[in-house]
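Chains as they are written, first to last, in the working numbering: chain A, 573 to 881; chain B, 573 to 881.
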């Protein structure tokens, strides 16, 4: 089967591409860079905000499924350049909705975010798909805006689309702009002696729902294969991890737990950051049979062990 | 004061331009046509989906207020060309949000729609601003999507923006693609003898909240002058009119009530058309002191009397 990954050069894109290749699919990729990281990928440089360029890739390659990962994925970047965030995160996927309208057999998976949910407080803060949405940054507003349009496209034109609200994920290759990858990078640098034994952190009292990226991409495949068209699925482990605990696990693994100072960097504190976020994955599990196969504790140890520098 | 109207060649734009001119403002206009209808207007042809072009008009003319009317205003058109609807109705106003971010003194009024509300049924169907939103067509989805982003822009960047949800309006100059103007055009043609005495209608059992366009543009001015920044206002009369009654008033005025057949044209029936839509304008009235000054019964008679053809 011909499958297309938008954002194929990204952290999640690479893991998904490897999964789909192992499944025997012909993997096409698009991204904004000149070249792909993988010689076996059928790659084109395409700006997803340009409909004609996108349509030419989708229509000329017998693509049957599109996994839409291309996005301004970092809320900080969307907040500091909101028009870019809106153009890429709203207009980009709308262009794919139109591709799905023009080619009714096409299936498209759209990756949304847990940041779409209205922040809950109190003891019962597990997010379910029918919970109220409310942006707490431009990134979340753009994701809500797109899903609103996407659901109406489905209702009106019957396009074969699937939506996710993906919670935190991590794993090999994640850029250090994300929290656990940032911890791991600092831990490795200290262990090597390349950094003073001080770790800069944001709000590590926060708890988050982490899933290994290799489980996340399996969930995306499962949604397209077994999910219900037009539906939205939380993609999450349903388990809650303390950032502080995970950091301590990394420090212990690297053997530097006793000699490291943890310092809060005000620049890493986000005013829109809820204390606790975790999701209910029962709809995903029920509809698709998906199950996380990896323990984040193990993933975290991998992050510290890998030192490609 | 320098004020800018986007969509200044449109039905509402012309009435607003005349009002603002009477108030002594310097009226700038942009639209997609080569020229303005008014020689006194400072006009430029600008595509609102192009940020740089929009910014050059806003930044170079000491504009203090923007009234954003430019839109794909007809739900049928947005549904038949959804990417156009999304680009103009989402990306266009987002470009203006960005103008407001770059120039913090700028005020911008964004015109939304009663089509943003989730359809209610039953006896109590007066829509209030805090009611749930739910699209019933691509037009409504785009309007909801934009307002989601606009509210977050306000919360995050403090931009001076105002939102309306405008209900049906009518008045001199309305194009015949809208229901009362279409009735009036047919009534005039029959009275002149240019049309067989058959009026084609959609669902005339429906009831709608109509406001005279000259009252609507006063409401827009009132929101910018007296409204609360970041708030959303229903713009409506709060009165409910039966389409059938209004049509009968036109027929009576033209003296052809007895000799006309009313025929339902399936092409004019919209599957997303609620039976009854009317709004609560108490927030608008309370915050701005606005009050409708014209009776729709009189407006309707004007529509039949005017025969510019």
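Note that beta-carbon positions come from the ideal geometry of N, C-alpha and C, so glycine has one too.
- Going by DSSP, residue 638 of chain B is part of the beta strand (DSSP E) stretching over 637 to 640.
- For residue 648 of chain B, no chain A residue has a C-beta closer than 8 Å to its own C-beta; the minimum C-beta separation is roughly 12 Å.
- Between the segment 719 to 728 of chain A and the segment 775 to 791 of chain A there are fewer than three C-beta pairs closer than 8 Å, too few to call the two in contact.
- DSSP places residue 757 of chain A inside the alpha helix (DSSP H), whose first and last residues are 751 to 764.
- Closer than 7 Å to the CB of residue 655 of chain A there is at least one CB belonging to chain B.
- Cβ neighbours of residue 741 of chain B within its own chain (closer than 6 Å, five residues either side excluded): 783, 785, 788.
- With fewer than 16 other Cβ atoms from the protein chains shown falling within 10 Å of its own Cβ, residue 676 of chain A counts as exposed.
- Residues of the same chain with a CB within less than 7 Å of the CB of residue 747 of chain A, apart from the 5 flanking positions on each side, are 583, 753 in chain order.
- The Cβ atoms of residue 805 of chain B and residue 868 of chain B do not sit closer than 7 Å to each other.
- The C-beta distance from residue 678 of chain A to residue 635 of chain A rounds to 7 Å, short enough to fall under 8 Å.
- Here the segment 757 to 777 of chain B lies against the segment 810 to 829 of chain B, with 3 or more beta-carbon pairs under 8 Å apart.
- For residue 817 of chain B, the uninterrupted alpha helix (DSSP H) run begins and ends at 815 to 825, by DSSP.
- Under the criterion of beta carbons closer than 8 Å, residue 626 of chain A and residue 671 of chain A qualify as touching, at roughly 6 Å.
- By the criterion of a C-beta distance shorter than 8 Å, residue 653 of chain A is surrounded in its chain by 644, once the five residues flanking it on both sides are discounted.
- Taken through DSSP and simplified to helix, strand or coil, residue 741 of chain A comes out as strand.
- Under the three-state reduction of DSSP, residue 735 of chain B is assigned to strand.
- The three-state reading of DSSP puts residue 587 of chain B in helix, counting H, G and I together.
- Runs of the alpha helix (DSSP H) lying entirely within the segment 689 to 731 of chain B and spanning at least 4 residues, in chain order: 710 to 729.
- For residue 622 of chain B, same chain residues with a beta-carbon under 8 Å away, outside a window of 5 residues either side, are 667 in chain order.
- Within its own chain, the residues whose Cβ lies closer than 6 Å to the Cβ of residue 853 of chain A, once the five positions on either side in sequence are excluded, are 806, 808, 810, listed in chain order.
- Along the length of the segment 633 to 687 of chain B, whole alpha helix (DSSP H) runs at least 4 residues long occupy 647 to 652, 654 to 658, 664 to 674, reported in chain order.
- Look at residue 780 of chain B here: in three-state DSSP terms it is strand.
- In the same chain as residue 845 of chain A, and ignoring 5 residues on each side of it, the C-beta atoms closer than 7 Å to its own belong to 775, 778, in chain order.
- Residue 868 of chain B: member of the alpha helix (DSSP H) spanning 868 to 877, first to last residue.
- Flagged as an interface residue toward chain A: residue 663 of chain B, by a C-beta distance shorter than 7 Å.
- A check of alpha carbon separations from residue 691 of chain B across B:684, B:707, B:681, B:682 identifies B:707 as the nearest.
- With distances taken between CA atoms, residue 642 of chain B lies nearest to B:659 out of B:659, B:817, B:766, B:756.
- Cβ-Cβ distances below 6 Å link residue 688 of chain B to 705, 712, 715, 716, 737 in the same chain, with the five nearest sequence neighbours on each side left out; the list follows chain order.
- Bridge pairing for residue 603 of chain A: A:617 [DSSP].
- The beta-carbon of residue 578 of chain B is placed no less than 7 Å from the nearest beta-carbon of chain A.
- For the 7 Å CB-CB criterion, residue 603 of chain B and residue 633 of chain B do not form a contact.
- In the DSSP annotation of this structure, residue 835 of chain B is not part of any alpha helix (DSSP H); the continuous beta strand (DSSP E) holding it starts and ends at 833 to 836.
- Residue 847 of chain B and residue 697 of chain B have their C-alpha atoms some 10 Å from each other.
- Each of B:605, B:614, B:699, B:578 was checked against the Cα of residue 855 of chain B, and the nearest Cα belongs to B:699.
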